[in-house]
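Student: Can you keep this structure in mind? I'll have questions shortly.
Right, dumping it as C-alpha cells:
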C-alpha cells in the first residue's frame, strides 16, 4: 500500500530549479533513502513534503489525502514526523520536557491552560517509554543543551516519535556522529521501523548506511530524479555510477 | 494653494526629513552590522546638540559654527567608541532583550548626566548671522538655515553611498550587513569593524543633533522623543536598510508636515498609523527582508543554561504561603503610606508577571503593554464616571476590553518576531496613546479622567462593602492581584505553558510537533493583555484619577525593567522586580533627583553581571545551599503504577 505519493513536484528559487518534476512513491513500512550530491535538492524535497515550502506545481498525497501546501503543523497532525539535519530540539528544557511537549501536542492537551503539566502521569509514563526506546531514560532530567551531540540527535528522534507518526522523515540522522553512534542510531531506526511498521524516508551521506538499511533508494541530481530502485538496481545503474557514486561503487 | 505656501511647506517637510535621515541612517547602519537596535541613538543625538552648544559657546564662538558642526559629531563618536568597546562588546552573544536594555540603560544614564553637566533647562544654540536670515523663494520666505539643512543631508547621503559602495571598508560593512557569519568566516576583524560602524553611526546621530540643535532647542531627554520617530522611520524603511531609512525619512517628514496642516489634532497618530499600515502589508518594512532568526544554539547558552534550570524544584509550602500571610497582616500595623506603596507594588507585579508570560515564557518582547494597561484603566474610568457602572462590573470589563484590543493588535504582531515584534507593539501602543492624549471629547485628552467614583461593592444583593478606604482598597487589590497571579502561575505550569516554552526555545521545532505557533502566540498575547487590562482597572480604582501618561511607551518599559531586575526565567522574578523598582523609585525620588541615573546603573549592572536577575541568582544559590536541607525538593518523575 502506498503511503506517500509525490507527483511531478517543481520548485524554483529565482532562476534555480531546485526540484524538477520529482516523483516519489513510498510503500507503507518501507525504508527509503534519498541520496544525491550536495545541492541535489534533498532538503528542498523534504521541506516541500513537510510543508515548510510550497511547491510551484505538482502535489503531495499522504495516506490518500492531498497535503500540498499545508502548513507544517497540519501536516504533522496527519501523521508525518520529521527530524532535521541540524539538531533541532528545545535546548533549555529538560529531556523529559522535550518529549512531553511533543506528547501534549499529539494528545491534543496543549490547549489546556488550567491543569498542571506534571499531573498528566499517563503522558509522563509515555515519555519515559519513548526515552527508554531511544536509550535516554536515565538522562530524563538533564537539560537538553548539555547532552552530547549523539544524545541530542537521539532526543530529536524521540521527539519525532512522540507524535506517533506513520511516516518519519530524517534529514541526515547520523550527521556529525561518531562511527559508533551512527551504528547505534541506525540499528535503533531499523528496530523501530520493524516493530511499529513505521515508514522511514531518510537522506544520508554515508553510503554504507544507505545500502545497509534501505529497501529502496532514490537518487537526485540537480533537482531531478536520475534513478529509483532497490539497492542492487542502484548499484548497477550506470548513470548513477557515472554521476554520483563513481569510485565508491567500483571499488567494492 | 499658492506656490509660495507650497514652497514653504515642501522645504519644511524636507528639513524634517533631513533631520530624520541623519539620525535614522546611523541607527539602521548600526542595526545592519551589529544587529543591535540602539535605544541610545537618541541620546547620542542629544549629545551632538549639547556639544554644539558647548563648543560654539566656549571654544570657537558663533563664528566657528561650521567648525563646531564638524567637532561636535566627532566628540559623540569618541563617546560611542568608548561605549562600544567598554559595554556593548560584552553582550553581542546575549539575547536581544539584554542588548535593547543595555542601550536603554545608557539612555537613562546619559540623560541624567547631561542634566548634571548642562543643567535641566532648555538651551538654544545661536546661529551666525549668515545663517539666521531668510531668503525669498517662489514668493515664500525660507530660512537660510533650512536651506543649509536640506542641502547638507543629501550630501551626507551621497557621501554614505560613496563610502559604502566605493571604499573597501564600505564593502566589508555591506558584506557583514548581509551575512555576518560569512563575513566572520572570511576573516574580517569583527571587533574593529563593530567599533568603527558604531562610532560612525554615532557621528551621523551627532551631526543630526548638532544641526537640529540650533533649529530646535536642546534639553535633557530630547533624545527620547527623537528615538521613537527614528524607530518608526527605520522600521517603515526596513531595519538595516539605508535606502529604506531615506525613503522612510521623506515619508514621515512629509506626513508630519501635511498632518500639522490637515489633522493638527492627530498628527502624531498618523505616523504610527502609517507604520502599522506598512507593517501589515510588508511585515519587514518597505525595503527590509526577513531577519535570519538566530537559533538559540548559536547564542551563549552556557551561561543561561544555569539560569533556566529545567529541573523542577518545589519549595516547601510553608515558605510559599508565609509571604501572603505577612501581606494580610501588614495593614494592621502600618499606616496609609505603606498600604498605598504596597498596593502600587501589587498592581505593578500583576502587570509585570503578565508581561513575563510573553517574554520569559513565550519569548515575545512586547513593548506596548502600557496600551492594554491604559485600555483597562480607561474602561473603568469611563464606565464609572460616564455610564454610572458599579465598581465590580466596571472592573470586570477592564480585562475584557483589554483582551479585545490585544486580540486585534496581536493578530498583526504575531506575524513578526524579535525586534520587529517589539517595534510593532510599540507603534500600536503609541497609536492608542496619541488617541487617548488628543481625543478630548471621549478620553478627556491630556487632562485624563478625574474623580473616578469607587462605589461600595454589593454581591448578590448583600449589603455593600465599602472599599473606599486605603485599608479596604489594599485588601481588595491584594485579593484581585493574588487570584490573578495564581491563575497566571497555573497557566505557566500547564500543558499550554509547556507548549509556550517549547515555542520560546524553538518555534520551528514546535510547529513540527503539530503546534500552530502563531495561534498560540496570539492566544498568550490576548491572555497577557487581559491581565494587564485588569491591572489598569485596579489602578484606576485605586488612584481615582487617570491620565494618558499611563499609556505612553515609557510606561511599557516598566514591566521590562521589573522583569529583568527580578529574573526573566523565574515566575516570581517580575514581582520581585516590581518591589525593587517601586521601592527604589519611591525612596530615591524623595532623596535624590537622579532617579534615572540610579535606575540606569542598576540595569547596566544587572545586564552585565546578573542576567538571570535577582531571583535567578538567589534561586541558584539557594539550590546549592539548601538543596540538601529539605526546604527545597528536587522534582522527579515517578511512575504512578509504582
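Protein chains in written order, with our numbering: chain R, 1236 to 1487; chain P, 15 to 656.
Where is the CB? At the ideal position from N, CA and C, for every residue including glycine.
Against chain R, does residue 629 of chain P count as a neighbour if the rule is that its beta carbon must be under 8 Å from one of theirs?
Tutor: Within the second chain, the letter at position 615 stands for residue 629 of chain P. Residue 629 of chain P does not count as touching chain R.
Student: From residue 557 of chain P to residue 38 of chain P, what does the alpha carbon distance come to, in whole angstroms?
Tutor: Looking up residue 557 of chain P in the second chain gives position 543. Looking up residue 38 of chain P in the second chain gives position 24. Taking the straight line from one Cα to the other gives about 39 Å.
Student: Ordered along the chain, which non-local residues of its own chain (more than five positions away) have a Cβ less than 6 Å from that of residue 522 of chain P?
Tutor: Here residue 522 of chain P refers to the residue found at position 508 of the second chain. Within the same chain, residue 522 of chain P has no close Cβ partners at all.
Student: My assumption, with CB atoms under 8 Å, is that residue 573 of chain P sits in contact with residue 365 of chain P. Please give the rounded CB distance.
Tutor: By 1-based counting over the second chain, the position of residue 573 of chain P is 559. By 1-based counting over the second chain, the position of residue 365 of chain P is 351. Sure, about 5 Å apart at Cβ, within 8 Å.
Student: Report the rounded CA-to-CA distance for residue 298 of chain P versus residue 55 of chain P, giving the unit in angstroms.
Tutor: Walking along the second chain from the start, residue 298 of chain P turns up at place 284. Walking along the second chain from the start, residue 55 of chain P turns up at place 41. Roughly 21 Å between the two C-alpha positions.
Student: To the nearest angstrom, how far is the alpha carbon of residue 267 of chain P from that of residue 1402 of chain R?
Tutor: Residue mapping note: residue 267 of chain P aligns to position 253 of the second chain, counting from 1. Residue mapping note: residue 1402 of chain R aligns to position 167 of the first chain, counting from 1. Computed Cα separation, rounded: 56 Å.
Student: So that I know if they touch, is there some Cβ in chain P lying closer than 8 Å to that of residue 1424 of chain R?
Tutor: Here residue 1424 of chain R corresponds to residue number 189 of the first chain, with the count starting at 1. So no, residue 1424 of chain R is outside the interface.
Student: Do we get a CB-CB distance below 8 Å when we pair residue 1324 of chain R with the residues of chain P?
Tutor: Mapped onto the first chain, residue 1324 of chain R falls at position 89. Residue 1324 of chain R counts as touching chain P.
Student: Would you mind telling me which residues of chain P sit closer than 8 Å to residue 1278 of chain R, beta carbon to beta carbon, in chain order?
Tutor: Within the first chain, residue 1278 of chain R is the residue found at index 43, counting from 1. Residues of chain P passing the Cβ test: none, with the nearest at roughly 14 Å.
Student: Within the continuous alpha helix (DSSP H) that includes residue 336 of chain P, where are the two ends?
Tutor: Looking up residue 336 of chain P in the second chain gives position 322. Its alpha helix (DSSP H) spans residues 331-347.
Student: For a cutoff of 8 Å on Cβ pairs, would you count residue 513 of chain P as touching chain R?
Tutor: Working through the second chain from its first residue, we reach residue 513 of chain P at position 499. So, interface residue.
Student: Residue 1446 of chain R versus chain P: which residues are under 7 Å apart at the beta carbon?
Tutor: Mapped onto the first chain, residue 1446 of chain R falls at position 211. Those within 7 Å of residue 1446 of chain R in chain P number zero; the least Cβ separation is about 29 Å.
Student: For residue 1404 of chain R, count the other beta carbons within 10 Å of its own beta carbon; 16 or more makes it buried, fewer makes it exposed. Which is it?
Tutor: The residue given as residue 1404 of chain R occupies position 169 in the first chain. So residue 1404 of chain R counts as buried.
Student: In terms of DSSP beta bridges, what is residue 499 of chain P paired with?
Tutor: Within the second chain, residue 499 of chain P is the residue found at index 485, counting from 1. According to DSSP, which records beta bridges pairwise, residue 499 of chain P is partnered with nothing at all.
Student: With three or more C-beta pairs closer than 8 Å as the rule, is the segment 56-76 of chain P touching the segment 167-181 of chain P?
Tutor: At 8 Å Cβ cutoff, the stretches do not touch.
Student: On the criterion of 16 or more Cβ atoms from any shown chain inside 10 Å, does residue 454 of chain P qualify as buried, or is it exposed?
Tutor: On the second chain, position 440 is the one that residue 454 of chain P refers to. When all chains shown are included, residue 454 of chain P counts as exposed.
Student: Check residue 66 of chain P in the structure and name its three-state DSSP category.
Tutor: Counting from one through the second chain, the residue named residue 66 of chain P turns up at place 52. Helix at residue 66 of chain P.
Student: Taking C-beta pairs closer than 7 Å, name the residues in chain R that residue 370 of chain P reaches, listed in chain order.
Tutor: The count along the second chain starts at 1 and reaches residue 370 of chain P at position 356. By Cβ distance, chain R contributes nothing, its closest Cβ being about 16 Å from residue 370 of chain P, past 7 Å.
Student: With residue 1436 of chain R as the anchor, note down where its beta strand (DSSP E) starts and where it stops.
Tutor: Counting from one through the first chain, the residue named residue 1436 of chain R turns up at place 201. Run containing residue 1436 of chain R: 1434-1438, per the beta strand (DSSP E) assignment.
Student: Name, going along the chain, the residues of the segment 133-160 of chain P whose beta-carbon falls closer than 7 Å to a beta-carbon of chain R.
Tutor: Going along the segment 133-160 of chain P in chain order, one finds no residue with a Cβ nearer than 7 Å to chain R.
Student: Is any beta-carbon of chain P found at less than 8 Å from that of residue 1383 of chain R?
Tutor: The residue given as residue 1383 of chain R occupies position 148 in the first chain. False, the Cβ-Cβ gap to chain P never drops below 8 Å.
Student: Compare the C-beta of residue 1433 of chain R with all C-beta atoms of chain P and state if any pair is closer than 8 Å.
Tutor: Indexing the first chain from 1 puts residue 1433 of chain R at position 198. No, residue 1433 of chain R lies away from the interface with chain P (no Cβ there is under 8 Å from its Cβ).
Student: Mind listing the chain R neighbours of residue 526 of chain P? Cutoff is C-beta to C-beta under 7 Å, in chain order.
Tutor: Translated into the one-based positions of the second chain, residue 526 of chain P becomes position 512. 1307, 1311 and 1317, listed in chain order.
Student: Could you list the residues in the segment 495-510 of chain P with a C-beta less than 8 Å from some C-beta on chain R, going in chain order?
Tutor: Cβ contacts with chain R come from 504, 505, 507, 508, 509 and 510.
Student: Going along the chain, which unbroken runs of the alpha helix (DSSP H) with 4 or more residues stay wholly within the segment 1420-1474 of chain R?
Tutor: Fully enclosed alpha helix (DSSP H) runs of 4 or longer: 1442-1448 and 1466-1471.
Student: In its own chain, which residues sit with a C-beta less than 7 Å from the C-beta of residue 623 of chain P, not counting the 5 before and 5 after it?
Tutor: Mapped onto the second chain, residue 623 of chain P falls at position 609. Within the same chain, residue 623 of chain P has no close Cβ partners at all.
Student: When DSSP builds the beta bridges, which residues end up paired with residue 1297 of chain R?
Tutor: Start at 1 with the first residue of the first chain, and residue 1297 of chain R comes out as number 62. In the DSSP output, where bridge partners are listed per residue, residue 1297 of chain R has R/1239 and R/1300.
Student: Is it true that the segment 335-342 of chain P meets the segment 507-514 of chain P, where meeting means three or more beta-carbon pairs spaced less than 8 Å apart?
Tutor: Output reads no: the segment 507-514 of chain P does not touch the segment 335-342 of chain P.
Student: So, at 7 Å on beta carbons, what are the nonlocal neighbours of residue 277 of chain P in its own chain, with the 5 sequence-adjacent residues on each side left out?
Tutor: Translated into positions along the second chain, residue 277 of chain P becomes position 263. 284.
Student: Only counting the same chain, and skipping five residues up and downstream in sequence, which positions put a Cβ closer than 8 Å to that of residue 373 of chain P?
Tutor: What you label residue 373 of chain P is simply residue 359 of the second chain in a count that begins at 1. Within the same chain, residue 373 of chain P has close Cβ partners 111, 379, 380, 574, 577 and 582.
Student: Do we get a CB-CB distance below 8 Å when we pair residue 1486 of chain R with the residues of chain P?
Tutor: As a working mapping, residue 1486 of chain R is identified with position 251 in the first chain. Any reading at residue 1486 of chain R is ruled out, since the residue's pLDDT is 40, under 50, leaving its predicted position unreliable.
Student: Residue 212 of chain P and residue 128 of chain P - do their beta-carbons sit closer together than 8 Å?
Tutor: Stepping through the second chain from its first residue, residue 128 of chain P is reached at position 114. Stepping through the second chain from its first residue, residue 212 of chain P is reached at position 198. Result no, Cβ atoms of residue 128 of chain P and residue 212 of chain P do not sit closer than 8 Å.
Student: In three-state DSSP terms, what is residue 137 of chain P?
Tutor: Position 123 of the second chain, counting from 1, holds the residue named residue 137 of chain P. Three-state DSSP puts residue 137 of chain P in a strand.
Student: Tell whether a beta-carbon distance below 8 Å holds between residue 1398 of chain R and residue 1267 of chain R.
Tutor: Within the first chain, the letter at position 163 stands for residue 1398 of chain R. Within the first chain, the letter at position 32 stands for residue 1267 of chain R. No, Cβ-Cβ distance for residue 1398 of chain R and residue 1267 of chain R is not below 8 Å.
Student: With a floor of 4 residues, list each alpha helix (DSSP H) that falls wholly inside the segment 73-159 of chain P, ordered by position along the chain.
Tutor: Segments of the alpha helix (DSSP H) lying fully in the segment 73-159 of chain P: 79-100, 110-132 and 143-146.
Student: Quick one: which residues of the segment 81-103 of chain P get their C-beta closer than 9 Å to a C-beta of chain R? List them in chain order.
Tutor: Flagged: no residues at all.
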